[in-house]
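Quick note on my numbering: the sequence shown kicks off at 180 and runs consecutively.
This report concerns only the one structure given below.
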Amino acid sequence: MIDTHVIFIGSKHLGKEALSLVYSLAPHNLKGIVTLNDSQDSRSVLSDISTFAETHNIPIEIVTSKSDCDTILEQMNPDLCIVVGWYWRFSKHILDKIPCGVIGVHGSLLPKFRGGAPVVWAIINGESETGVSLFTINEGLDEGNIWGQKVVPISCNDYISDVLQKIENASLDLLREKYIDILQENAKSIPQAEYGATYCALRVPDDGRIRWDLPAHVIYNFIRAQSRPYPGAFTIWMGKKVTIWQASLRDFIFYGVPGQIARINLEGVYVICGDNRPLLLHEIQIDDEKPVNSNEVLRSIKIRFV
180 MIDTHVIFIG SKHLGKEALS LVYSLAPHNL KGIVTLNDSQ DSRSVLSDIS
230 TFAETHNIPI EIVTSKSDCD TILEQMNPDL CIVVGWYWRF SKHILDKIPC
280 GVIGVHGSLL PKFRGGAPVV WAIINGESET GVSLFTINEG LDEGNIWGQK
330 VVPISCNDYI SDVLQKIENA SLDLLREKYI DILQENAKSI PQAEYGATYC
380 ALRVPDDGRI RWDLPAHVIY NFIRAQSRPY PGAFTIWMGK KVTIWQASLR
430 DFIFYGVPGQ IARINLEGVY VICGDNRPLL LHEIQIDDEK PVNSNEVLRS
480 IKIRFV
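Below, the structure is given as structure tokens:
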């Protein structure tokens, strides 16, 4: 095998799994690890990645900023970087210095859903499928050449956690299929088509506020897309934040004001949406209290969400 000097750059659970896979496929090529200090993030696996590096005697650098990352990469002088679970873009002079390129995993079928939170946006958009792309990172926004892709179906009952698990499995399968060929220079990439390209803006927790004047199926997708492990879609009741973790559609007409609670029964709480179809709320959470079934705390049809 060609003695390609590889640096792995990544974080979070998928990054940890990809690191383990890359090492298992070609241990002597992996010369270093770069991860970020995300210990304040509930999804952090920093200790696991650090332990992996120590166990296998692989140099590791824990960075706190984009500039730190650029400086470390310049010092490491890799031939190839594999990037999984990363949030900072790389400077042009760094990209230009890495002869075999910086190759990353993106959670969409590029050129669709370039940018941030592609899986969230795919579910919000009501897509029936998304995918994973292994691509070369360049100066553009997820515009580099494609090494391989896999399609990931999205069922109407999938929540974001379900789709993320499918994305993770597909990402690891794609790396397993392509990594050795890339190392041995037996793989070829192809340019992305610009036709059909779409872009995703970054999201913040406040973007999860529900607009009840929208159709029920749109709100349902909105809730599914932002459920755990994300902060959740929410509404306001009596000045309190009500996070909706789980809901379902009901196919009948219920006239009323959008955001109005129309019915309460053993199944949960029905809320009228903009198309006069109700959304059935199951699991909710009020402020920082524990999650409960909606009918345990919402007991009046006089309630209006805003």
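Virtual Cβ for every residue (Gly too), placed ideally from N, Cα, C.
Buried or exposed for residue i, going by 16 or more other Cβ atoms inside 10 Å?
i, result
"E233", "exposed"
"K291", "buried"
"F269", "buried"
"R222", "exposed"
"N208", "buried"
"A372", "exposed"
"I389", "buried"
"C248", "buried"
"C379", "buried"
"D220", "exposed"
"V383", "exposed"
"A399", "Before going further, note that residue 399 is Tyr rather than Ala in the sequence given. Result: buried."
"G264", "buried"
"K481", "exposed"
"T230", "exposed"
Helix, strand or coil: how does DSSP classify residue i here?
i, result
"I440", "strand"
"P332", "strand"
"N317", "coil"
"V450", "strand"
"T250", "helix"
"S221", "coil"
"S427", "strand"
"K245", "helix"
"S307", "coil"
"G294", "strand"
"S368", "coil"
"G387", "helix"
By alpha-carbon positions, which one of the options ends up nearest to residue i?
i, options, result
"P408", "T422, N348, I432", "T422"
"F314", "I346, V331, L353", "L353"
"E308", "G319, R293, K329", "K329"
"K367", "W265, C335, I282", "I282"
"R478", "D467, D466, Y449, P457", "Y449"
"G435", "R429, W424, D454, I443", "D454"
"I369", "D258, G323, C452, V471", "G323"
"C452", "D430, D385, P332, I303", "D430"
"A413", "I432, G438, L381", "For the sequence presented, residue 413 should be read as Phe rather than Ala. Residue G438 is the option with its Cα nearest to F413."
"Q217", "P238, E196, F231, V242", "First, the amino acid is wrong: residue 217 is Asp here, not Gln. With distances taken between Cα atoms, D217 lies closest to V242."
"G327", "D467, V311, P410", "V311"
"L458", "Q464, D467, C279, G447", "G447"
"I302", "N336, C279, H272", "N336"
"D360", "S246, A205, K195", "A205"
"S199", "V262, N444, I273, D386", "V262"
"I440", "D467, D258, S473", "S473"
"N317", "D275, G194, Y374", "D275"
Where do the N-terminal and C-terminal ends of the beta strand (DSSP E) with residue i fall, by residue?
i, result
"H192", "Note, H192: premise wrong, no beta strand (DSSP E); alpha helix (DSSP H) at 191 to 204."
"I361", "Counting along the chain, I361 falls outside any beta strand (DSSP E), though it belongs to the alpha helix (DSSP H) covering 339 to 362."
"W416", "412 to 416"
"I402", "Taken as a continuous stretch (DSSP letters only), I402 belongs to no beta strand (DSSP E), being part of the alpha helix (DSSP H) at 395 to 404."
"K469", "From DSSP, K469 is part of no beta strand (DSSP E); its letter is neither H nor E."
"I273", "Run containing I273: none in the beta strand (DSSP E); it sits in the alpha helix (DSSP H), 271 to 276."
"P408", "Careful: P408 lies outside any beta strand (DSSP E) and carries neither H nor E."
"V242", "239 to 242"
"G211", "209 to 215"
"L459", "457 to 460"
"V485", "Per DSSP, V485 belongs to no beta strand (DSSP E) and is neither H nor E."
"V262", "259 to 263"
For my contact list, residue i and residue j are in at a C-beta cut-off of 8 angstroms; report their separation, rounded to the angstrom.
i, j, result
"C260", "I188", "6 angstroms"
"I346", "G286", "5 angstroms"
"S427", "H396", "Not a contact, Cβ separation roughly 11 angstroms."
"H235", "K210", "Actually they do not touch by this definition, with Cβ atoms about 11 angstroms apart."
"L252", "I186", "7 angstroms"
"S406", "W424", "5 angstroms"
"L393", "A296", "In fact, because the Cβ distance is near 19 angstroms, the residues do not count as touching under 8 angstroms."
"A404", "V299", "5 angstroms"
"G294", "D258", "With 8 angstroms as the limit, G294 and D258 do not qualify as a contact, their Cβ atoms being about 28 angstroms apart."
"K195", "D227", "5 angstroms"
"Y358", "V471", "Incorrect: roughly 45 angstroms between the Cβ atoms, too far for contact."
At what residues does the alpha helix (DSSP H) containing residue i begin and finish?
i, result
"H488", "Since the first residue of the chain shown is 180 and the last is 485, residue 488 is not available in this structure."
"S479", "Premise fails: S479 is in no alpha helix (DSSP H) and is neither H nor E."
"P297", "297 to 303"
"L225", "225 to 234"
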